[in-house]
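Worksheet: the structure to be examined is printed underneath.
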């Protein structure tokens with residue numbers, strides 16, 4: 001079956017259920033639900049039209065531009081979450097960008113996908129979403145690592161370690177921590193949740209087996225992108241906490 | 001130059017250190033050390049004595065460039081430390097902190113830290129040599145660092161600082177976290193190290209009696225200013241300056 005606008009209107013009944021419960025139980029999230037309902041509608045319809053346009057035009061520059069805009073949006077979300085010493089948005093933009101373009105590029109070169117917006121854009125979206133989380137987690141974790149382990153780091157520096165050596169444990173902990181959501185996803189995929197790509201394909205009428213094949217590729221692609229993003233974010237961010245003379249920057253002392 | 005090298009190990013020339021600190025909401029600049037000049041001879045035990053908050057620790061941090069000074073110069077064997085490679089400097093001028101911080105892992109791993117990060121090839125017998133030098137038994141080597149007493153930890157941290165064969169050992173209140181017996185042991189170790197390996201030792205203390213027991217020469221530091229300097233115990237028994245007199249009488253602590 002294909003859904004139309006009429007079905008959307010009917011599904012508002014479910015929102016009414018939520019509103020009713022919120023009102024009756026005095027949870028007072030009616031306003032949030034109302035705004036969220038409207039927001040989701042407007043954003044998704046807008047993106048629907050935009051994608052329709054991009055798919056129809058099918059131009060390489062437009063695909064690249066779309067991916068770039070998504071990277072910047074992801075970087076903004078990841079980088080401005082925490083107040084840290086380092087320029088988070090710029091670091092995230094670079095590391096998410098590298099992770100995304102490397103992964104998508106490899107898939108194109110290896111012939112797994114073709115330059116077709118219907119592959120590149122949704123896959124790019126998934127990559128960027130996961131990389132964004134990895135980058136945000138890395139920025140936050142490295143900041144708390146340096147703050148909490150200041151004494152240990154300075155002890156290593158005092159013994160003639162470079163900034164990089166003094167931080168090597170924190171570096172590993174940070175990269176690992178920022179990969180956890182994706183590593184967990186790999187563990188439970190199919191058991192606990194049917195991920196978005198697969199769900200979407202099954203809903204759209206694809207056979208579960210072909211949906212599974214795509215999903216496996218998606219998982220492999222995500223782990224590559226997330227690893228690259230986590231490593232680059234942490235590597236660049238950690239430099240921001242030290243001077244060239246392998247000292248913690250003054251504000252940290 | 002040649003003459004200078006023979007007679008002066010460390011020369012501090014009008015050094016000043018200002019630092020930004022957060023005062024409620026605003027950043028405020030404070031002067032931690034004010035225009036200090038002093039010369040430290042090779043192989044002497046030099047005591048920096050003063051009440052807490054007088055800038056003693058900061059002085060040591062400047063000497064191995066965990067921080068940089070705001071004005072003035074520091075010379076090691078006649079060479080400005082700003083022009084030296086900072087890692088090489090920290091291997092020549094080792095710093096032992098007030099509270100010993102051992103890294104996770106065995107005692108042996110801790111002692112060999114600076115050699116391992118430099119990928120020193122031959123470590124046979126090195127850990128044994130240094131644990132012996134600080135008066136601990138070699139069977140401690142395989143123990144986990146967090147199983148030791150604070151006194152043992154401080155001795156391990158001294159052993160760890162000595163493996164890079166420094167010429168100067170900086171000690172920041174090395175006994176303030178220790179009980180009287182452990183304090184006594186560390187004090188004898190300091191004197192021992194001086195006679196055994198001819199180290200130049202600069203140690204910081206707020207304890208006048210300790211300065212008398214261990215120091216050969218020293219200076220009194222109050223509120224970031226050098227009050228006076230001279231031979232110990234003469235300096236501390238016949239203070240010329242009223243501030244030193246107050247400090248010794250225990251009015252300033």
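Chains as they are written, first to last, in this note's numbering: chain A, 1 to 253; chain B, 1 to 253.
Glycine included, C-beta positions come from ideal geometry on N, C-alpha and C.
Bear in mind that the values here come from a model prediction, so they are computed numbers and not experimental data.
A Cβ-Cβ distance of about 6 Å is found for the pair residue 177(A) and residue 137(A), placing them in contact under the 8 Å criterion.
Shown here for residue 157(B): same chain residues with a beta carbon closer than 6 Å to its own, the five before and five after excluded, namely 96 and 100 in chain order. Ranked by Cα distance from residue 151(B), the options 185(B), 90(B) and 236(B) are led by 185(B).
Beta-bridge partners assigned by DSSP to residue 170(B): 95(B) and 202(B). By the Cβ rule, the stretch 212-229 of chain B counts as touching the stretch 177-191 of chain B, because three or more pairs are nearer than 8 Å. Comparing alpha-carbon positions, the option among 8(A), 6(A) and 32(A) lying closest to residue 18(A) turns out to be 32(A). The C-beta of residue 143(A) has 16 or more other C-beta atoms within 10 Å across all chains shown, which makes the residue buried. Residues of the same chain with a CB within less than 7 Å of the CB of residue 246(A), apart from the 5 flanking positions on each side, are 157, 162 and 163 in chain order. Residue 219(A) holds the alpha-carbon nearest to the alpha-carbon of residue 183(A) among 219(A), 209(A) and 153(A). Residues of the same chain with a CB within less than 6 Å of the CB of residue 13(B), apart from the 5 flanking positions on each side, are 37, 72 and 73 in chain order. Under a 10 Å Cβ-count criterion, residue 213(A) is classified as exposed, with fewer than 16 other Cβ atoms of the shown protein chains found around its own Cβ. Within the stretch 115-148 of chain A, no residue has its Cβ closer than 8 Å to any Cβ of chain B. The C-beta of residue 167(A) comes no closer than 8 Å to any C-beta of chain B. By the 16-neighbour rule on beta-carbons within 10 angstroms, residue 238(B) is exposed. Apart from the 5 residues on each side of it in sequence, residue 124(A) sits with its Cβ closer than 7 Å to the Cβ of 67, 70, 100 and 104 in its chain, given in chain order. One finds 158 in chain A with Cβ atoms closer than 8 Å to the Cβ of residue 64(B), taken in chain order. Nearest Cα to residue 48(B) within the set 146(B), 234(B), 247(B) and 217(B): 217(B). Annotation for residue 199(B): 169 and 193 place their beta carbon closer than 6 Å to its own, counting only its chain and skipping 5 residues before and after. At a cut-off of 8 Å between beta-carbon atoms, residue 114(B) makes contact with chain A. Put simply, the CB of residue 2(A) is far from chain B, with every gap to its CB atoms at 8 Å or more. Contacts with chain A at 8 Å (Cβ-Cβ) include residue 164(B).
Contact check between the stretch 31-51 of chain A and the stretch 4-22 of chain A: three or more CB pairs, one atom from each, fall below 8 Å, which counts as touching.
DSSP, reduced to helix, strand and coil, places residue 31(B) within a strand of the structure shown. Using beta-carbon distances, residue 250(A) counts as an interface residue toward chain B, with a partner under 8 Å. Flagged as an interface residue toward chain A: residue 95(B), by a C-beta distance shorter than 8 Å. Residue 161(A) reaches chain B at 117, counting residues in chain order whose Cβ is nearer than 7 Å. DSSP lists 23(B) as the beta-bridge partner residues of residue 26(B). For residue 120(A), there is no enclosing beta strand (DSSP E); the enclosing alpha helix (DSSP H) covers residues 117-148.
DSSP, reduced to helix, strand and coil, places residue 198(A) within a helical segment of the structure shown. Scanning chain A for C-beta atoms nearer than 7 Å to the C-beta of residue 86(B) yields 245 and 246, reported in chain order.
Inclusion of residue 227(A) and residue 179(A) in the CB contact set at 8 Å is warranted, their separation being smaller than that value. Along the stretch 17-31 of chain B, the positions whose C-beta sits under 8 Å from a C-beta of chain A are 19 and 20, read in chain order. For residue 208(B) against residue 46(B), the beta-carbon gap comes to about 15 Å, at or over 8 Å, which does not count as contact. Under DSSP, residue 242(A) forms a beta bridge with 248(A).
Beyond the five residues adjoining it in sequence on each side, residue 231(A) comes within less than 7 Å, by CB distance, of 175 in the same chain, given in chain order.
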